[in-house]
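Each step along the sequence shown adds one to the number in our numbering, with nothing skipped, and position 15 is 15.
All C-beta atoms in this analysis are idealised placements derived from N, C-alpha and C, irrespective of residue type, glycine included.
Below is one structure, written out as structure tokens, with a few remarks after it.
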Amino acid sequence: MIGAVVWAAVSLDVADWARWTLAGIAIAAVSSLGIAVLIGPAARRLAGEHQPLTPAERRQMTATERVEAINAARHTLIQAATGLVVIGGVVFTAQGLWYTAQSLDASRQAQRTTEQGQITDRYTKAVEQLGSRTSLDVRLGGIYALERLAQDSPRDHQTIYDVLTAFIREHDPKPKAAMPATPATDIQAVLTIIGRRNTNLEHSFTELDLSHIRIRGADLSGRQLMHVNLNGANLNGANLRGANLRGANLGDADLGDADLSDANLNYANLGGADLRSADLGDADLNRSYLGSRANLRGADLRGADLNRADLGGADLRGADLRGTDLGDAYLLGADLRGADLREVRGRTPDQIRDMARTDSATQF
1 MIGAVVWAAV SLDVADWARW TLAGIAIAAV SSLGIAVLIG PAARRLAGEH QPLTPAERRQ
61 MTATERVEAI NAARHTLIQA ATGLVVIGGV VFTAQGLWYT AQSLDASRQA QRTTEQGQIT
121 DRYTKAVEQL GSRTSLDVRL GGIYALERLA QDSPRDHQTI YDVLTAFIRE HDPKPKAAMP
181 ATPATDIQAV LTIIGRRNTN LEHSFTELDL SHIRIRGADL SGRQLMHVNL NGANLNGANL
241 RGANLRGANL GDADLGDADL SDANLNYANL GGADLRSADL GDADLNRSYL GSRANLRGAD
301 LRGADLNRAD LGGADLRGAD LRGTDLGDAY LLGADLRGAD LREVRGRTPD QIRDMARTDS
361 ATQF
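Now the structure itself:
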């Protein structure tokens, strides 16, 4: 019977629960048979009765002595059998737990596969909506669906924002087209989403490519734009107040009349940027690069932190630098004619005159 049950558990194509049931029956049968042998013949042999007692031996032992010897052996063997049963129960329980763990793992794998399939479907549908040429509402729905998907699927975060930045590059006004005073609604929506993305899901070297886009008058106040590539972008009149532009590439960008007050521009590249009449009041420009033809004529830099900034060769004619921190700033070749340098910190007037170009209109 035990052999038949074992064969059925191993060979028959049955459900896993039936296979485990058959295995349990086989183990129970083997355990019962083992206990019967232990408390029967095995106990007698352990008591010394390897063969039937001779009449002489029976006369030497009383019935009480023989019963006590057999009972003592049975007691010892029952203890051993109990230990075996306990061990068998532990093994069987461990196997059951292992099977349960395998089942849960398989369930999790199936759930992950289903979730990935749902994410793929959502992504495909959102991209289709984003590509709508006839309905602004449909495009907006696709834009916000992609934002939600980026939150739900961290592994797709970078891909989704690459799609959104590509949307801006392809849909902003072309170089020969007239620029509106403010961006189109869908363009502004994408910019807003990019500015509030979860930067913790990005690598430190990740860069979003918004180079050469034309979005005059965009509202990016307080947005997260760290390491964004805005090289050559037209951000004329944009609102970037309090924006985080740490490490951003703004080389050759048009930032004329832009509001960059209180913005974080640590390590930002502003080489060749047009910042004429821009508001940089109280901006943090520590270690930023403003050299190489950066145009800051008439810019408002009151209270800005230019400590260790590179201003070599920058055009600062007529700029308001009152209360600015110029400690360790590189000023060689900077044009400060007509600039207001009253209450400047970190540099003496003589040090500034030795490095930068000044005139009688420069105020100290």
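State the Cα-Cα distance for the pair residue i and residue j, rounded to the nearest angstrom.
i: leucine 164; j: glycine 346; result: 43 Å
i: tyrosine 123; j: proline 154; result: 13 Å
i: isoleucine 25; j: alanine 106; result: 26 Å
i: glycine 131; j: isoleucine 119; result: 18 Å
i: leucine 331; j: leucine 285; result: 14 Å
i: glycine 327; j: aspartate 305; result: 9 Å
i: aspartate 279; j: alanine 110; result: 55 Å
i: alanine 28; j: glycine 89; result: 10 Å
i: leucine 201; j: alanine 150; result: 10 Å
i: asparagine 229; j: glutamine 158; result: 15 Å
i: lysine 176; j: glycine 232; result: 15 Å
i: arginine 74; j: valine 67; result: 10 Å
i: aspartate 162; j: leucine 210; result: 10 Å
i: arginine 197; j: threonine 114; result: 26 Å
i: threonine 182; j: glutamine 116; result: 38 Å
i: alanine 356; j: glycine 247; result: 26 Å
i: aspartate 13; j: tyrosine 144; result: 50 Å
Does the beta-carbon of residue i, which I'm using as the reference point, lie nearer than 7 Å to any heavy atom of the ligand SAH?
i: asparagine 269; result: This structure lacks the ligand SAH, and indeed carries no ligand of any kind.
In its own chain, which residues sit with a C-beta less than 7 Å from the C-beta of residue i, not counting the 5 before and 5 after it?
i: glutamate 147; result: Ile193
i: asparagine 269; result: Asn249, Leu250, Gly251, Tyr289
i: glycine 313; result: Gly291, Ser292, Arg293, Gly333, Ala334
i: alanine 361; result: Arg337, Gly338
Report the three-state DSSP secondary structure of residue i (helix, strand or coil).
i: arginine 345; result: strand
i: tyrosine 330; result: strand
i: asparagine 286; result: coil
i: asparagine 239; result: strand
i: arginine 357; result: strand
i: aspartate 262; result: coil
i: alanine 252; result: Per the sequence presented here, residue 252 reads as aspartate, with alanine not at that position. Aspartate 252 falls in the coil class under three-state DSSP.
i: asparagine 71; result: helix
i: asparagine 229; result: strand
i: aspartate 365; result: Residue 365 cannot be examined here, being either before or after the span of the chain that is shown, 1 to 364.
i: asparagine 307; result: coil
i: asparagine 198; result: coil
Following the continuous alpha helix (DSSP H) through residue i, name the residue where it begins and the one where it ends.
i: valine 138; result: 136-152
i: tyrosine 267; result: Looking at the DSSP string, tyrosine 267 is not in any alpha helix (DSSP H), and its letter there is neither H nor E.
i: leucine 212; result: The sequence given here has histidine at residue 212, not leucine. Run containing histidine 212: none; DSSP gives neither H nor E here.
i: glycine 195; result: 185-195
i: threonine 324; result: Per DSSP, threonine 324 belongs to no alpha helix (DSSP H) and is neither H nor E.
i: valine 14; result: Where valine 14 is concerned, there is no enclosing alpha helix (DSSP H), given that its DSSP letter is neither H nor E.
i: leucine 164; result: 157-171
By Cβ distance, which residues of its chain are closer than 6 Å to residue i, with the 5 residues on each side in sequence left out?
i: arginine 297; result: Arg276, Asp315, Arg317, Gly318
i: arginine 342; result: Arg322, Gln363
i: glycine 142; result: Ala126, Gln129, Leu130
i: alanine 273; result: Leu250, Ala253, Leu255, Ala294
Leaving out five residues before and five after residue i in sequence, what residues of the same chain have Cβ atoms less than 8 Å from its Cβ?
i: histidine 171; result: Ala184, Asp186, Ile187
i: arginine 302; result: Gly281, Asp282, Asp320, Leu321, Arg322, Gly323, Thr324
i: aspartate 152; result: Ile119
i: alanine 366; result: One cannot answer for residue 366 here, as it falls past the ends of the chain, which runs 1 to 364.
i: methionine 179; result: Pro173, Arg214, Arg216, Asn234
Rounded to whole angstroms, how far is the Cβ of residue i from the Cβ of residue j, which I believe are closer than 8 Å?
i: leucine 265; j: leucine 245; result: 5 Å
i: valine 30; j: isoleucine 70; result: At roughly 24 Å, the Cβ-Cβ gap does not stay under 8 Å, so valine 30 and isoleucine 70 are not in contact.
i: valine 190; j: phenylalanine 167; result: 6 Å
i: leucine 311; j: alanine 329; result: 6 Å
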